[in-house]
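S.K.: Before I ask anything, let me first share the structure, which is written out below as structure tokens.
There are 2 protein chains.
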Amino acid sequence: MPLIVTGSIGIDSVEAPTGTAEQVLGGSSIYFAAAASYFGPVRVVGAVGEDFPEPFFNTFNHFKIDTEGIEKRAGSKTFRWHGKYHDNMNIRDTISVELNVLAEALPPVPMNYGDSKHIFLANTDPTSQMTLLNSFPNRTLAIADTMDLWINTQREALLELLKQLDGLVLNDSEAILLTGDTNLIRAAEAIEKLGPQFVVIKKGEHGSLLHHADGQVALPAFPAREVVDPTGAGDSFAGGMMGYLASLAEDQTVTLHDLKRAMAYGTVVASYNIEAFSLDRLMNVSRADLDRRFETFQTMLKLES
Amino acid sequence: MPLIVTGSIGIDSVEAPTGTAEQVLGGSSIYFAAAASYFGPVRVVGAVGEDFPEPFFNTFNHFKIDTEGIEKRAGSKTFRWHGKYHDNMNIRDTISVELNVLAEALPPVPMNYGDSKHIFLANTDPTSQMTLLNSFPNRTLAIADTMDLWINTQREALLELLKQLDGLVLNDSEAILLTGDTNLIRAAEAIEKLGPQFVVIKKGEHGSLLHHADGQVALPAFPAREVVDPTGAGDSFAGGMMGYLASLAEDQTVTLHDLKRAMAYGTVVASYNIEAFSLDRLMNVSRADLDRRFETFQTMLKLES
Chain D
1 MPLIVTGSIG IDSVEAPTGT AEQVLGGSSI YFAAAASYFG PVRVVGAVGE
51 DFPEPFFNTF NHFKIDTEGI EKRAGSKTFR WHGKYHDNMN IRDTISVELN
101 VLAEALPPVP MNYGDSKHIF LANTDPTSQM TLLNSFPNRT LAIADTMDLW
151 INTQREALLE LLKQLDGLVL NDSEAILLTG DTNLIRAAEA IEKLGPQFVV
201 IKKGEHGSLL HHADGQVALP AFPAREVVDP TGAGDSFAGG MMGYLASLAE
251 DQTVTLHDLK RAMAYGTVVA SYNIEAFSLD RLMNVSRADL DRRFETFQTM
301 LKLES
Chain P
306 MPLIVTGSIG IDSVEAPTGT AEQVLGGSSI YFAAAASYFG PVRVVGAVGE
356 DFPEPFFNTF NHFKIDTEGI EKRAGSKTFR WHGKYHDNMN IRDTISVELN
406 VLAEALPPVP MNYGDSKHIF LANTDPTSQM TLLNSFPNRT LAIADTMDLW
456 INTQREALLE LLKQLDGLVL NDSEAILLTG DTNLIRAAEA IEKLGPQFVV
506 IKKGEHGSLL HHADGQVALP AFPAREVVDP TGAGDSFAGG MMGYLASLAE
556 DQTVTLHDLK RAMAYGTVVA SYNIEAFSLD RLMNVSRADL DRRFETFQTM
606 LKLES
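Just so you know, the protein sequences line up as chains D and P, in that order. For what it's worth, my numbering labels the leading residue of the first sequence as 1, then goes sequentially. For what it's worth, my numbering labels the leading residue of the second sequence as 306, then goes sequentially.
Following this line, the structure appears as structure tokens:
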């Protein structure tokens, strides 16, 4: 069954030492969906405004993203984000953010989406995330992402959501903010106590960390010589991860080893995504490319003599 | 043949959120030697002052460190360092540092040390490092560490040293300082152009990165739930790494794969080292313990389905 995602669908403007991109396609659910699409069908639920450029739907088509759940809402404006990266690409400033339609109600979930079993709640407000989650009582796997904004302003709603999740994916700084512990393993343990069976902490260029009842896994990022635009790296990581998990047999219990391989696929998709602005790089990456880089990553991490 | 190391031998005082340690054994060559000792015999060349506590020699004996090259110099004082870690253990302040005997000439290299083939120049001034290096014209492998102090104040001497090295090991911030590039892979490439055939960049809790003519390898750190004292983590990493390399067949050319396994051993020794102050944890770690954790690390990084 197709996996389903909600989150932001945006028009981004990005300034970086490597160049600029004006009013390009972005948003957490879009980076997620493009990344997940390598592993199987993806449905997106979300709203855009009447200013949303029609050509962006060509990109959705390229990735075979099911857009029936995307509502183009008359009288509303699309979510917009304008960010600027420092010379050190690990640091960015938000120049402006306009929530616009993201502050309005989610569109209804199409009736025929009801059979989705794998639900990803990409970064958006926890109330919208909970709304979508509640539409899928028969789900088998629900994972969410979040961010500092919601941890700071909607902690209670977020804590309610956490109780319903199988897994949480978030940045290192967000894990520290949520728990108050600067040791990421203890922070992940603290989050596990809030509900999710597993926690994946994204560390950008430093890789990712999984905490699960059966143990911890740390993976490095794929070594990247040229980073053009880190925007969407975390979302495409999550998309590759969840896409891989959704491609496993439906009755399969997700093990630590499955999650590790899923994180590695997420790592590889993200490593492509940052090689160009917006979705420009993924537009030219095939599943065979992904598998080749996965193989390289696997060999890089092989320690047997 | 025993590997040989020069660097600091110190009396450390450490303040951390986890406790304090007053006037304990420390120094780059000591952490290095203790870590390397798991893989074979180690010789240390360096001077201490007349204030150097005799019981510290018991620790050297425990690790079977050859101390013939350690001179207890009358009229001199031992190198001392006093540091304080923040709540976030990744940040530390140097409260005070007294170079003392470290600012004086190196003691002579004992005649019978001449057969050492593996030379490690732990963190100390580049002139002392060059002096030791020149004593071993028949070496097969020479690797050095350095730090921001020498990059800032003795860049020319350091650049001369780099031309003579097989490998350089340094922190991420130091690699950026040395090259002016915040992308670590490009920084490593730039360092390779200065002389060393390979470069290992240490990233603390984020692991390590190898650049070599045959490719790049990124490894995570071993997930650490309890960090008591990070002092010496980088030196014990280097010791585990170099100790493993020195244990390989003498006529063996060091390959990318050898270096990767060596880094993994370094990672594992360092992960034990940070579990207590000074060398307290390594005093209670056996080679079997190391091998067990290496096995865990290897399994953690295994991506095959």
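All C-beta atoms in this analysis are idealised placements derived from N, C-alpha and C, irrespective of residue type, glycine included.
Would you say residue 491 of chain P reaches chain D, if we count a Cβ-Cβ gap shorter than 8 angstroms as a contact?
M.R.: Answer yes: the Cβ-Cβ gap between residue 491 of chain P and chain D drops below 8 angstroms somewhere.
S.K.: Consult DSSP for residue 531 of chain P and reduce its assignment to one of helix, strand or coil.
M.R.: Three-state DSSP puts residue 531 of chain P in coil, outside helix and strand.
S.K.: Among P/399, P/597, P/339, P/467, whose alpha-carbon lies nearest the alpha-carbon of residue 319 of chain P?
M.R.: With distances taken between Cα atoms, residue 319 of chain P lies closest to P/399.
S.K.: Output the boundary residues of the beta strand (DSSP E) element that contains residue 171 of chain D.
M.R.: It spans 167-171 - the beta strand (DSSP E) in which residue 171 of chain D sits, taken as one unbroken run.
S.K.: Give me the Cα-Cα distance between residue 208 of chain D and residue 341 of chain P, rounded to the nearest whole angstrom.
M.R.: Each residue's Cα considered, the two are about 29 angstroms apart.
S.K.: So, at 7 angstroms on beta carbons, what are the nonlocal neighbours of residue 559 of chain P in its own chain, with the 5 sequence-adjacent residues on each side left out?
M.R.: Cβ within range, chain order: 446, 550.
S.K.: Assuming residue 449 of chain P and residue 434 of chain P make a contact with CB atoms under 8 angstroms, what is their CB distance in whole Å?
M.R.: Correct: roughly 6 angstroms between the Cβ atoms.
S.K.: Quickly, what does DSSP pair residue 515 of chain P with across the bridge? List them, please.
M.R.: P/505, P/522.
S.K.: Identify which residue in P/396, P/372, P/509 has its Cα closest to the Cα of residue 413 of chain P.
M.R.: It is P/372 whose Cα lies nearest to the Cα of residue 413 of chain P.
S.K.: On a CA-only basis, which of D/278, D/289, D/6 is nearest residue 22 of chain D? Give me that one, please.
M.R.: Minimum Cα distance to residue 22 of chain D is reached at D/278.
S.K.: What does DSSP give as the partner residue(s) for residue 386 of chain P in the beta ladder?
M.R.: P/317, P/402.
S.K.: Have a look at the DSSP bridge pairing and note the partners of residue 145 of chain D.
M.R.: Partner(s): D/169.
S.K.: Output needed for residue 390 of chain P: all residues of its chain with C-beta closer than 6 angstroms, excluding positions within five of it in sequence on either side, in chain order.
M.R.: Hits under 6 angstroms: 321, 397.
S.K.: Compare the C-beta of residue 183 of chain D against all C-beta atoms of chain P and say whether one is closer than 8 angstroms.
M.R.: For residue 183 of chain D, the answer is yes, since a Cβ of chain P falls inside 8 angstroms of its Cβ.
S.K.: With 8 angstroms as the limit, tell me which residues of the region 533-544 of chain P have their beta carbon closer than that to any beta carbon of chain A; keep them in chain order.
M.R.: The structure shown has no chain A; the protein chains it does contain are D and P.
S.K.: So is residue 565 of chain P in contact with chain D if we call contact Cβ pairs under 8 angstroms?
M.R.: Judged by the 8 angstroms Cβ criterion, residue 565 of chain P is in contact with chain D.
S.K.: Thinking just about the alpha-carbon of each residue, which of D/26, D/162, D/163, D/264 is nearest to the one in residue 60 of chain D?
M.R.: It is D/26 whose Cα lies nearest to the Cα of residue 60 of chain D.
S.K.: Three or more C-beta pairs closer than 8 angstroms, one from the region 595-610 of chain P and one from the region 499-518 of chain P: is that the case here?
M.R.: These segments do not touch.
S.K.: Looking at chain D, is there any beta carbon in it that lies within less than 8 angstroms of the beta carbon of residue 530 of chain P?
M.R.: With 8 angstroms as the cut-off, residue 530 of chain P counts as an interface residue toward chain D.
S.K.: Could you tell me which chain P residues have their CB closer than 7 angstroms to the CB of residue 304 of chain D, listed as they occur along the chain?
M.R.: Simply 603.
S.K.: Thinking just about the alpha-carbon of each residue, which of P/311, P/379, P/362 is nearest to the one in residue 329 of chain P?
M.R.: When only C-alpha atoms are compared, the closest one is P/362.
S.K.: Out of P/496, P/553, P/307, state which residue places its alpha-carbon closest to the alpha-carbon of residue 419 of chain P.
M.R.: Comparing Cα-Cα distances from residue 419 of chain P to each of P/496, P/553, P/307, the minimum goes to P/307.
S.K.: Consider the Cβ of residue 387 of chain P: report whether some Cβ of chain D lies at a distance smaller than 8 angstroms.
M.R.: No, residue 387 of chain P lies away from the interface with chain D (no Cβ there is under 8 angstroms from its Cβ).
S.K.: Taking 8 angstroms as the threshold (C-beta atoms), are residue 493 of chain P and residue 506 of chain P in contact?
M.R.: Yes; because the gap between Cβ atoms is below 8 angstroms, this pair is in contact.
S.K.: Taking only beta-carbon positions, decide if residue 575 of chain P is within less than 8 angstroms of chain D.
M.R.: No, residue 575 of chain P does not count as interfacial toward chain D.
S.K.: Under 8 angstroms by Cβ, that's how I've got residue 126 of chain D and residue 154 of chain D pegged, so tell me the actual separation to the nearest angstrom.
M.R.: Sure, about 5 angstroms apart at Cβ, within 8 angstroms.
S.K.: Kindly indicate if chain D contains any beta-carbon less than 8 angstroms away from that of residue 508 of chain P.
M.R.: Judged by the 8 angstroms Cβ criterion, residue 508 of chain P is in contact with chain D.
S.K.: Which residues in chain D have a C-beta closer than 7 angstroms to the C-beta of residue 517 of chain P? List them in chain order.
M.R.: Ordered by position in chain D, no residue passes the 7 angstroms Cβ test against residue 517 of chain P, which lies about 12 angstroms from the chain.
S.K.: Determine the contact status of residue 102 of chain D and residue 79 of chain D, defining contact as a CB-CB distance below 8 angstroms.
M.R.: Yes, the Cβ-Cβ distance between residue 102 of chain D and residue 79 of chain D is below 8 angstroms.
S.K.: Per DSSP, residue 352 of chain P is paired with what?
M.R.: Partner(s): P/376.
S.K.: Round the Cβ separation of residue 478 of chain P and residue 453 of chain P to the nearest angstrom and send it over; I've been treating them as touching at under 8 angstroms.
M.R.: Indeed they touch by this definition, with Cβ atoms about 7 angstroms apart.
S.K.: Cα separation between residue 548 of chain P and residue 368 of chain P?
M.R.: Distance between the alpha carbons of residue 548 of chain P and residue 368 of chain P: 13 angstroms.
S.K.: Can you check whether the C-beta of residue 525 of chain P is within less than 8 angstroms of a C-beta belonging to chain D?
M.R.: Closer than 8 angstroms to some Cβ of chain D, the Cβ of residue 525 of chain P qualifies, so yes.
S.K.: Closest by CA to residue 501 of chain P, which one among P/473, P/527, P/577, P/313?
M.R.: Closest option to residue 501 of chain P, Cα to Cα, is P/473.
S.K.: Should residue 325 of chain P be labelled buried (16 or more other beta-carbon atoms within 10 Å of its own) or exposed?
M.R.: Exposed is the call here.
S.K.: Counting along the chain, where does the beta strand (DSSP E) carrying residue 4 of chain D start and finish?
M.R.: Counting along the chain, the beta strand (DSSP E) containing residue 4 of chain D begins and ends at 3-6.
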